[in-house]
Amino acid sequence: METSVLTSKGQLLIPKRIRNKYGIQSGVKVIFEE
260 METSVLTSKG QLLIPKRIRN KYGIQSGVKV IFEE
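If you read the sequence shown in the numbering used here, its first letter stands for residue 260, the second for the next number, and so on.
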């Protein structure tokens, strides 16, 4: 399990292991599903 912190600017850092696993790079859109 990974955790992340929301910054005061509303930005969320995606952990490096998760970015690498899913090939997430700068400019890629990420969908948050409830």
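Cβ coordinates follow ideal geometry from the N, Cα and C atoms, glycine included.
Roughly how many angstroms lie between the CA atoms of residue i and residue j, to the nearest whole one?
{"i": "R278", "j": "E292", "result": "17 Å"}
{"i": "S285", "j": "M260", "result": "22 Å"}
{"i": "K268", "j": "K280", "result": "26 Å"}
{"i": "S263", "j": "L271", "result": "7 Å"}
{"i": "K275", "j": "V287", "result": "14 Å"}
Assuming residue i and residue j are in contact, meaning their beta carbons sit under 8 Å apart, how far apart are those beta carbons, in whole angstroms?
{"i": "I283", "j": "I273", "result": "6 Å"}
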